[in-house]
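Below: one structure, written as structure tokens.
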Amino acid sequence: MPDFAEIILPLALPKPTYTYMVPEPLRSAVQVGCMVVVPLGARKHYAGIVYRRHDEAPSYPTKPILEVLSEGPVVGLQQLSFWEWLSAYYGCSLGEVMAAALPAQMKLSSETELVRHPAYEGDFSALDADEYLLAKALISRGVVSLAEAQQTLGKKNAVSVVRRLLTKGVLAVRESLREQYRPHKGYDIRLAEPYQSQPEQLDVLAKDLSRYPRQQGALSTYLSLSKSHSYVSKDLLLREANISPATLKVLVAKKVFELVERRQSRVPIYEGEVAPPDALSAEQQRALGEIRGFFKQRKPVLLYGVTGSGKTRVYIELIQQVIRSGGQVLYLLPEIALTAQIIRRLQRVFGQDVAVYHSKISDSQRTEIWHMAAAGCPIFLTARSGIFLPFQNLQLVIVDEEHDPSYKQQDPAPRYHARDSAIYLAGQYRANVLLGTATPSLESWYNAQSGKYGLVPMRERFGKIPMPDVHLVDLRRQHQQRQMYGLFSAPLLEALQQALKRGEQALLFQNRRGYSPILQCRSCGWTAECRHCDVSSTYHKHSDLLHCHYCGYTEKVPSLCPVCRQANLALLGAGTEKVEDEIKIYLPQARVARLDLDTAGSKQRLNDILCAFEERRIDILVGTQMITKGLDFDNVSVVGVLNADAIAHFPDFRASERTFQLLTQVAGRAGRKHKSGTVFVQAWNPTHPVFQEVARGNFETHAQRELLERRQFRYPPFVRLIRIRVRHPEENSARLVAHTAAEHLRQHALAQVVGPAPALISRIGGYFLWEILLKVEKSATALHATKEHLRRLLAQLVNEPGKNKGRLAIDVDPY
Ligand code: ADP
Ligand code: ZN
Ligand code: ZN
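Note that our numbering numbers the sequence shown so that position 574 is 663, with each residue one more than the last.
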């Protein structure tokens, strides 16, 4: 009897699965959910997942499965059905879901690049002949693709040899090495005593050192660096003072400097103390009672608790209960809120039961955590991709900061929303769902109002600390009255000065990185734009270049206007770099640091900056929305928002909602532990209703007003949106494909078709972008029919000759 298997391959292929023959010897090993190696095309090999076994021979010749990699299934039936749901709901292939779901080691393909594992000592004695051959080839060549490994071994099944070497820690998959194995640079320099506490003695010291110009130079370099840096790392001093490590050693021996190991926040094994959590407050007790009541009714719960109300403590209580009954918890957080702070808070209670999973951990750790989920480890603190873990006994899903837009995956497909997907996942396991936030998304709020979700409010801060006092500052009036100091209004600057005097800290929020977002010619009006995108380039001072924030292209700043040849170029607007520069001018005594993608590109650097702020080595932290996400500082008394209009006037139906969220969240960082704080929101148009709502801390009024508008103009949560984006290197083709697609949809789809129109940014990275928006009624039939139609349309357009340089992307519930 013929025997076939449908295989999911981790690629964006048009068909959901591919049919392969199951050779006789593999019959019992090929089970649904197993990992197998199959050929694709002339000589490529991929690891795929068995989706189904059957005996219906296809009309074309099939190739055989080459090998079974796993003993038993790696993906369970429940997971497969979750993958199916994701692929159907978000309009992508099963292969795309698989690619997103599995750690890189588990989806090897011919293109996978392999390198020597950095921790491998080079002991070949434990390797068999094939392993030895491959390990040697790798070490001599540095990087080897799986395809090359196949050539080296001269046989088809290099995949299993590679898998063994990965398990033995000889090899690693290249893409996974970015962060984990960065060399530690964990030393800071500090003045030794008595100079640390008695700086007046430095003069004597400087004189003593005058016979050693290099040592004297190092000292003066250190002193000037320490003014502008909250801490001076060893490497920075070596570089800036241009001295050798030997010179530094002498200075340490002379007790001029001392080396301090910087606190490193590495996640893996928690070895700290474990302590029972604080006693619950009455408010927390009440909230817990209500949450449990809704859980009994099998309803997801929206925990709407103002900033500082103590939601985390409520989560901890619920988690403990799950652990006692042997269940598992998925605790989702936005990627950049997954900082050392929240991790420590949970580890202090749960110790090693907490596994942390996000995009910046190494792939070998990712694989390990995958196995931990399968083995029943209790708590997973994860970014959005945690929904893919193979849970055994999931009982509780917590989505903290449920409103956060970064829960939505943008590119590539699957363009899933982790909150919504997690709710579906929880349904499969019959697990409870808790959504927590101080600023609910309108979707969740609406669901809570309509009774689909339970609503549990916590309206007061823990310890009865008053909510921050929010002042709106009218920038126009401040300018007219000459009350502006650079970017800062008099009341904000005054409050910052007072805070510094009292030894308190401040946050300054500017939602734009770089120095200045616009370079303009004052003579003819020309502005600098990226040559690949339809956006203006941002001037960055640290690099002295113009940067494109969409494609990453950089170029030199022209000295003359390229159009009129006049030397009359001006920088307009402000980014975080400029805010940082200016605040140092007005408050020269303050220790200032900046937190944005440029300074905190990696998890480690993000944690370093936050740690320095927490330890009060920084007085004022300037940042983008990174500083708004769930951080708990207890000494921040002033928060300044420099230009609130920039967010509110973004042409998107969510602009008002986003503004409310961002401003309320950043305001919530003010005054947490013992005292209330003050927030200054500077705006050109402070009468905008959303600013008033923020100032009064009135989410409910905001939601009501916003929902009315959404209903009137037919936006979510009243309809479902599907965005179809056409991307093409030629402008005409992009327009043509978009028009053809829109025409088709108008004729057939059960939806209102808006567009086509060029995307807000109509060209990115040399590709022209057009968009069509579908507004679909919220019924399962309308949604299903529309998606079915879209699927056929896509297949048709993609197959049309001449169109295949372009791409169509479907985004269901776009953000
Ligand atoms: P939210 O996440 O709701 O903004 P947090 O959970 O960060 O609020 O709590 C705010 C502050 O109150 C934190 O510093 C936290 O340690 C403290 N806190 C919350 N609940 C308790 C409790 N039951 N006992 C002692 N401190 C608490
Ligand atoms: Zn000009
Ligand atoms: Zn660009």
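Using N, Cα and C, we set each Cβ at its ideal position, and we do this for glycine too. Being a predicted model, the structure only gives us computed values, none of them experimental.
In chain order, what residues of the same chain have a beta carbon less than 7 Å from the beta carbon of residue i, not counting five sequence neighbours either side?
i: residue 115; result: 154 and 157
i: residue 434; result: 401
i: residue 724; result: 593, 594 and 705
i: residue 824; result: 859
i: residue 809; result: 865, 867, 872 and 902
Rounded to the nearest angstrom, what separates residue i and residue j at their Cα positions?
i: residue 886; j: residue 128; result: 28 Å
i: residue 325; j: residue 333; result: 12 Å
i: residue 842; j: residue 901; result: 14 Å
i: residue 107; j: residue 183; result: 11 Å
i: residue 95; j: residue 251; result: 24 Å
i: residue 652; j: residue 619; result: 15 Å
i: residue 770; j: residue 583; result: 14 Å
i: residue 141; j: residue 166; result: 11 Å
i: residue 601; j: residue 785; result: 26 Å
i: residue 99; j: residue 493; result: 28 Å
i: residue 509; j: residue 388; result: 14 Å
i: residue 109; j: residue 443; result: 40 Å
i: residue 322; j: residue 370; result: 42 Å
i: residue 833; j: residue 561; result: 49 Å
i: residue 432; j: residue 282; result: 35 Å
i: residue 515; j: residue 447; result: 20 Å
i: residue 525; j: residue 486; result: 11 Å
i: residue 765; j: residue 553; result: 10 Å
i: residue 205; j: residue 575; result: 53 Å
Who are the Cβ neighbours of residue i in its own chain at under 6 Å, not counting the five residues just before and after it?
i: residue 405; result: 366 and 438
i: residue 567; result: 573 and 578
i: residue 847; result: 859
i: residue 777; result: 737
i: residue 293; result: none
i: residue 118; result: 157
i: residue 884; result: none
i: residue 898; result: 814
i: residue 480; result: 417 and 462
Regarding residue i and ligand 2, is the C-beta to nearest heavy atom distance less than 7 Å?
i: residue 652; result: yes
i: residue 625; result: no
i: residue 459; result: no
i: residue 587; result: no
i: residue 640; result: no
i: residue 612; result: yes
Looking at ligand 1, does it come within less than 7 Å of residue i, judged from the CB to the closest heavy atom?
i: residue 364; result: no
i: residue 378; result: no
i: residue 401; result: yes
i: residue 373; result: yes
i: residue 368; result: yes
i: residue 229; result: no
i: residue 159; result: no
i: residue 766; result: no
i: residue 760; result: no
i: residue 722; result: no
Is residue i near residue j, with beta carbons less than 8 Å apart?
i: residue 222; j: residue 241; result: yes
i: residue 498; j: residue 505; result: yes
i: residue 531; j: residue 746; result: yes
i: residue 571; j: residue 773; result: no
i: residue 938; j: residue 136; result: In the structure displayed, the chain extends from 90 to 904; residue 938 sits before or after that span and is not available.
i: residue 605; j: residue 682; result: no
i: residue 474; j: residue 261; result: no
i: residue 796; j: residue 542; result: no
i: residue 804; j: residue 739; result: no
Could you check whether the Cβ of residue i sits closer than 8 Å to any Cβ belonging to chain C?
i: residue 147; result: Chain labels in this structure do not include chain C; a single protein chain is all it has.
I want to check one thing, is the minimum distance from the CB of residue i to the heavy atoms of ligand 3 below 7 Å?
i: residue 854; result: yes
i: residue 621; result: yes
i: residue 123; result: no
For residue i, which residues in the same chain have their Cβ closer than 8 Å to its Cβ, ignoring the five residues on either side in sequence?
i: residue 460; result: none
i: residue 213; result: 221, 224 and 225
Item to check | Residue ranges of each beta strand (DSSP E) within the region 776 to 847, 3 or longer | outcome: 809 to 817
Checklist entry - Going along the chain, which unbroken runs of the alpha helix (DSSP H) with 4 or more residues stay wholly within the region 721 to 754? => result 734 to 737
Checklist entry - At which residue ranges does the region 320 to 405 contain complete alpha helix (DSSP H) runs of 4 or more residues, listed in the order of the chain? => result 323 to 330, 334 to 342 and 371 to 385
Item to check | Whole alpha helix (DSSP H) elements within the region 164 to 216, 4-residue minimum | outcome: 166 to 178 and 183 to 190
Item to check | Completely contained beta strand (DSSP E) runs for the region 677 to 716, where each covers 3 or more residues | outcome: 681 to 684 and 709 to 712
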